[in-house]
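Colleague: In the numbering used here, the protein residues as written are 4 to 183.
All C-beta atoms, glycine included, are put in the ideal place defined by N, C-alpha and C.
1. For residue 146, is the classification buried or exposed, using 16 other Cβ atoms within 10 angstroms of its Cβ as the cut-off for buried?
2. Pick from 48, 165, 158, 64: whose alpha carbon is nearest that of residue 140?
3. Is the number of C-beta pairs between the region 119-127 and the region 78-86 that are closer than 8 Å three or more?
4. Under three-state DSSP, which class holds residue 103?
5. I'd like to check one pair, residue 111 with residue 97: are the Cβ atoms closer than 8 Å?
6. Identify the residues that DSSP records as bridge partners of residue 151: which are they?
7. Buried or exposed: residue 106, going by 16 or more other Cβ atoms within 10 Å of its Cβ?
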């Protein structure tokens, strides 16, 4: 399974050299739409962003990312970087912008996952997390302008959200790509 993730990530990174590309390689497990509904239906869903060396404070980037997550994911939820008391504490949508070496997909939900400064083209990952473990992971590439231009950031976040919150439960054969 981990080998498959590494191969999938390598292919995505190589394929992403021509244009921004978002794809995901599923982590087989308990994800289902009912899991998303349990964690986020009629409540806030915490959006976490881990990044370094961007052109605005991390808190502002997190708010912009949360605002760009599309609301049409099949449940009534509010994606927010500052969740209220109604948010389920065990669920989050986590974006890692340029994860540090050794921070593999299975660790993206861990609060200790670190990001490194971004330059040129870099890796971006998103994970729907429960109890600090990923239920789904989306991996892809982006460019610095994707973080600084509001329209490009919105398209990037939308593509990752669609991949990290799929309508159908992913399995080991899931391999989807979205150009934006």
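Modeller: To lay it out plainly:
1. Here the question's residue 146 lines up with position 143 in the chain shown. Flag for residue 146 reads buried.
2. Locating residue 140 in the chain shown gives position 137, counting from the first residue. Nearest of 48, 165, 158, 64 to residue 140, Cα basis: 165.
3. no
4. The residue given as residue 103 occupies position 100 in the chain shown. Coil.
5. For this step, residue 97 is matched to residue 94 along the chain shown. For this step, residue 111 is matched to residue 108 along the chain shown. Yes. Within cutoff.
6. Indexing the chain shown from 1 puts residue 151 at position 148. Note: residue 151 sits in no beta bridge, so no partner.
7. Within the chain shown, residue 106 is the residue found at index 103, counting from 1. When all chains shown are included, residue 106 counts as buried.
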